[in-house]
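**Student:**
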Amino acid sequence: MRIELQRRPAASGVFSLVSPLLALVLTLIFGAIMFRLLGKDPGHALYSFFVEPLLEVWSLHELAIKAGPLILIAVGLSVCYRSNNWNIGAEGQFTIGAITGSILPILVPQWHSVLVLPLMLVMGAAGGALFAGIPALLKTRFNTNEILVSLMLVYIAQLFLDWLVRGPWRDPKGFNFPQSISFAPEAVLPPLLDSGRAHASILFALLAAVLVWFMMRFMLKGFEVTVLGRSERAGRFAGFSARRMVWFSMMLSGAFAGLAGISEVSGSIGHLQPSISPGYGFTAIIVAFLGRLNPLGAIASGFVLALTYLGGEAAQLSIGVSDKVTRVFQGLLLFFVLSCDTLILYRVRIIFGSGRAREAKS
Amino acid sequence: MIEAILLTIITAATPLVIAAMGELVTERAGVLNLGVEGMMIMGAVCAFAGAQLTGLPLVGLVAGIVGGALFSLLFGFLTLTLVTNQVATGLALTLLGLGLSGQLGEAFVGIPGVKLAPIVIPVLSDIPVVGPLLFRQDITFYLSIALVIGVNWFLFRSRTGLKLRAIGDNHGSAHALGISVIRTRYLAVMFGGACAGLAGAQLSLVYTPQWVENMSAGRGWIALALVVFASWRPWRVLAGGYIFGAVGILQLHAQAFGIGVPSQFLSMLPYAVTIVVLIIISHNRRTTLINTPACLGKPFVPDR
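So the sequences go chain by chain: A and B. Start counting the first sequence at 69; every next residue gets the next number (our numbering). Start counting the second sequence at 7; every next residue gets the next number (our numbering).
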């Protein structure tokens, strides 16, 4: 048995829509098999993983809280990946954004003003963008590989945060816990509704998705991203600069990751601590691909992956599987998304019998 | 004291060298597998499980190699048969490996591991200083040296190695000459997986004989950087591996000494050094172009 690919004359519109759904279905089937192997009832397990979190108001709020950073980061990464720049260090830019955004509430807690919150958000986004500027600078100036540099910077950012909250920024009245002082009320993103905790980060995410979608669809910049991503040479003929695109795409994605970071700290946590993210920066890579590198697609896929986080927590309580199942689900999902995307560009033919037999016949 | 430090440097460098040697062969065949970290951690958990279940660390070692190779097949199937994007698929392999190993290793957390015993080579091991350092090591160290020599011979002295390099530099021409591009690449990917698995096995059977989630701690990524650093040449991987190993160990000793620098900044060193090294190696565009396999990361669909 062999698998042969035949290039389609044009990308299949049908499969562009079907492939993410197919990937979801395949992930669920594999998930069912996995639960069976773990000795759980697959139906019950999948129900408590993917349905139960949707049934209560508070957990819908949690869903929005988790989807916010995922979508926000993924929207930036979509632009980046479309332009063929591989920023995989969003987790680090998220962390640095959280740190630079927290400068005001931690270092000048006595300043009470309505300006604090907007300034925090701007500083968070700026911090993330500048941090993503490091791999951009090194790529444009020294030709270094942005994948490796941005990834290495994740470890550096996390260690830096660890040092801050255990050292200079530790709350002196915090019983030696490694965390900063709690943010004053005017430095906290307020809840959107009275019914739960969800805060503005989900709004930022939706707004960013729509704006970036508009840019990609209707503005010259979006066209530039696509052309340079498909072929740098073609882009040069059109007068686009690949170098400037590295800067633009990296800093855009860094800014969104930084904004996500400060929103998470300000809205959900309320202070800095050594661990502020359950891997949002990495999971957002999956979100971007499941959304087919389309900002609007990222909205839908962001909620799906947010659900896997919640489902993991719920399943831990209700059926007693570990929350590590979440990451297995997320990994599987990305695999299936990538494989199903093959169907968009290629016709897949499965040929039974050996190739020689076929050649002998023809 | 110095001897003890040198010993730990060797132990720290060995997994880097092994994993990077595997990735070097994969990349020489034109395939960029960013899943080294994932294959490594899968190797680590498989090796630990194998050693726990049988009580034999050598069985664990084999389990690590097989685990890494099988896991890499997943990457091979996607990138070679389904022609998916290699960067994204490699990332997927890493994410899945980290998740899956956490799930598989859950039962092993906190259990003391079985350590791979050193193999003492008679006569040679009695040489002062050098003897205990180089000839009383466990099998993974000897394997790492054998890998460097073997891969160097294979790539530059054997016919198959020449074909593999041809595939990496121009898969279209290689295909036209009748060399089986896809099959060779499958084998190269699996070799990379087996090496990453072995490197992971070294972590959970020698370096720190226990299972800790995410215990590879970015070593797979450093191995990837090492291949670039070595400009795809085996002996330079060996040299680079020891430099990175030394940085990792010396910062630990500096932390223990308490030289006034916060420990977190010392822990950053291996990652920061990786970045600096990448800058030094990559800044000359022309030499990078000459050294990089020309078809690295490019998709290949045979025309029929």
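Note that CB positions come from ideal geometry on N, CA and C, so glycine has one too. Computed from a predicted structure; not experimentally measured.
In angstroms with no decimal places, state the Cα-to-Cα distance between A:Arg-304 and A:Lys-134.
**Tutor:** 40 Å
**Student:** With distance defined between alpha-carbon atoms, name the residue in B:Leu-30, B:Ile-8, B:Gln-92, B:Gln-58 nearest to B:Phe-306.
**Tutor:** B:Gln-92
**Student:** With DSSP run on the structure shown, which of helix, strand or coil describes A:Glu-124?
**Tutor:** A:Glu-124: coil per DSSP, three-state reduction.
**Student:** For the beta strand (DSSP E) that A:Gln-74 lies in, which residues bound it at each end?
**Tutor:** First-last of the beta strand (DSSP E) with A:Gln-74: 70-75.
**Student:** Does the beta carbon of A:Ser-84 sit closer than 8 Å to a beta carbon anywhere in chain B?
**Tutor:** no
**Student:** So if I threshold CB-CB distances at 9 Å, which residues from the segment 135-155 of chain A count as touching chain B?
**Tutor:** Tyr-149, Trp-154
**Student:** Mind checking B:Met-7: buried by the 16 CB within 10 Å criterion, or exposed?
**Tutor:** exposed
**Student:** Residues in the same chain with beta-carbon distance under 7 Å from A:Leu-89, minus the five sequence neighbours each way, listed in chain order, please.
**Tutor:** none
**Student:** Check the Cβ of B:Ser-150 against every Cβ in chain C and list those closer than 7 Å, keeping chain order.
**Tutor:** In summary, chain C is missing from the structure at hand, where the protein chains are A and B.
**Student:** Which runs of the alpha helix (DSSP H) fall wholly inside the segment 51-132 of chain B and span at least 4 residues, in chain order?
**Tutor:** 63-82, 92-111
**Student:** Confirm, please, whether the CB-CB distance from B:Cys-52 to B:Ala-25 is below 8 Å.
**Tutor:** no
**Student:** Using a C-beta cutoff of 8 Å, does B:Leu-102 count as contacting chain A?
**Tutor:** yes
**Student:** When the Cα of B:Gly-167 is compared with those of B:Ile-151, B:Tyr-148, B:Arg-191, which residue comes out closest?
**Tutor:** B:Arg-191
**Student:** Hey, does A:Ala-425 have any beta-carbon neighbour from chain B nearer than 8 Å?
**Tutor:** Because the pLDDT at A:Ala-425 is just 48, under 50, the model does not fix this residue reliably, and the value given afterwards should be weighed accordingly. So, not an interface residue.
**Student:** Under 8 Å by Cβ, that's how I've got B:Leu-209 and B:Leu-13 pegged, so tell me the actual separation to the nearest angstrom.
**Tutor:** 16 Å between Cβ atoms; not a contact.
**Student:** Are the segment 248-255 of chain A and the segment 192-204 of chain A in contact at 8 Å, needing three or more beta carbon pairs?
**Tutor:** no
**Student:** Per DSSP, A:Val-416 forms a beta bridge with which residues?
**Tutor:** In DSSP, A:Val-416 forms a bridge with A:Leu-73.
**Student:** State the DSSP-derived secondary structure class of A:Pro-137, mapped to helix, strand or coil.
**Tutor:** A:Pro-137 sits in a helix when the DSSP states are folded into three classes.
**Student:** Taking CB distances under 8 Å as the criterion, tell me whether B:Trp-238 reaches chain A.
**Tutor:** no
**Student:** So which residues on chain A does B:Val-94 lean against when the C-beta distance must stay under 7 Å?
**Tutor:** The sequence shown places Ala at residue 94 of chain B, rather than the Val named in the question. Phe-357, Leu-406, listed in chain order.
**Student:** Counting beta carbon pairs with one atom in the segment 127-144 of chain A and one in the segment 158-166 of chain A, are three or more of them shorter than 8 Å?
**Tutor:** yes
**Student:** Give, in chain order, every residue of the segment 378-393 of chain A whose Cβ lies closer than 8 Å to some Cβ of chain B.
**Tutor:** Ser-390, Lys-392, Val-393
**Student:** Taking 8 Å as the limit between beta carbons, can you name the residues of its chain near A:Leu-172, skipping five residues before and five after?
**Tutor:** Within the same chain, A:Leu-172 has close Cβ partners Trp-179, Val-184, Leu-187, Met-188, Met-191, Ala-255.
**Student:** Who are the Cβ neighbours of A:Glu-72 in its own chain at under 7 Å, not counting the five residues just before and after it?
**Tutor:** When the five nearest sequence neighbours on each side are left out, the beta carbons in the same chain lying within less than 7 Å of the beta carbon of A:Glu-72 are those of Arg-417, Ile-419, in order along the chain.
**Student:** Would the segment 368-379 of chain A count as touching the segment 133-151 of chain B if we require 3 or more Cβ pairs under 8 Å?
**Tutor:** no
**Student:** Whose CA, out of B:Ile-265, B:Leu-149, B:Ser-273, lies closest to the CA of B:Phe-250?
**Tutor:** B:Ser-273
**Student:** State the start and end residues of the unbroken alpha helix (DSSP H) segment that holds B:Asn-317.
**Tutor:** No answer is possible for residue 317 of chain B: it lies beyond the span of chain B, which begins at 7 and ends at 310.
**Student:** With a floor of 3 residues, list each beta strand (DSSP E) that falls wholly inside the segment 167-226 of chain B, ordered by position along the chain.
**Tutor:** Listed in chain order, nothing qualifies, since the segment 167-226 of chain B has no complete beta strand (DSSP E) run of 3 or more residues.
**Student:** Would A:Ile-224 pass as a contact of B:Ala-278 if the rule is Cβ separation under 8 Å?
**Tutor:** yes
**Student:** So, are the CB atoms of B:Pro-215 and B:Val-120 less than 8 Å apart?
**Tutor:** yes
**Student:** Verify whether the separation of the beta carbon atoms of A:Leu-274 and A:Ala-268 is less than 8 Å.
**Tutor:** One thing to note: A:Leu-274 has its Cβ no nearer than 8 Å to the Cβ of A:Ala-268.
**Student:** Beta carbon of A:Ala-328, beta carbon of A:Pro-177: below 8 Å?
**Tutor:** Against a cut-off of 8 Å, the Cβ pair of A:Pro-177 and A:Ala-328 comes out as no contact.
**Student:** Taking just the CA atoms, how far does B:Val-115 sit from B:Arg-142?
**Tutor:** 29 Å
**Student:** So B:Asn-39 and B:Gly-96 are in contact, right, with Cβ under 8 Å, and what is the actual spacing, rounded?
**Tutor:** 5 Å
**Student:** Quick one: which chain B residues come within Cβ less than 7 Å of A:Asp-239?
**Tutor:** Here the premise fails: no neighbours, minimum Cβ distance about 18 Å.
**Student:** Determine, for B:Thr-293, whether the minimum Cβ-Cβ distance to residues of chain A falls below 8 Å.
**Tutor:** no
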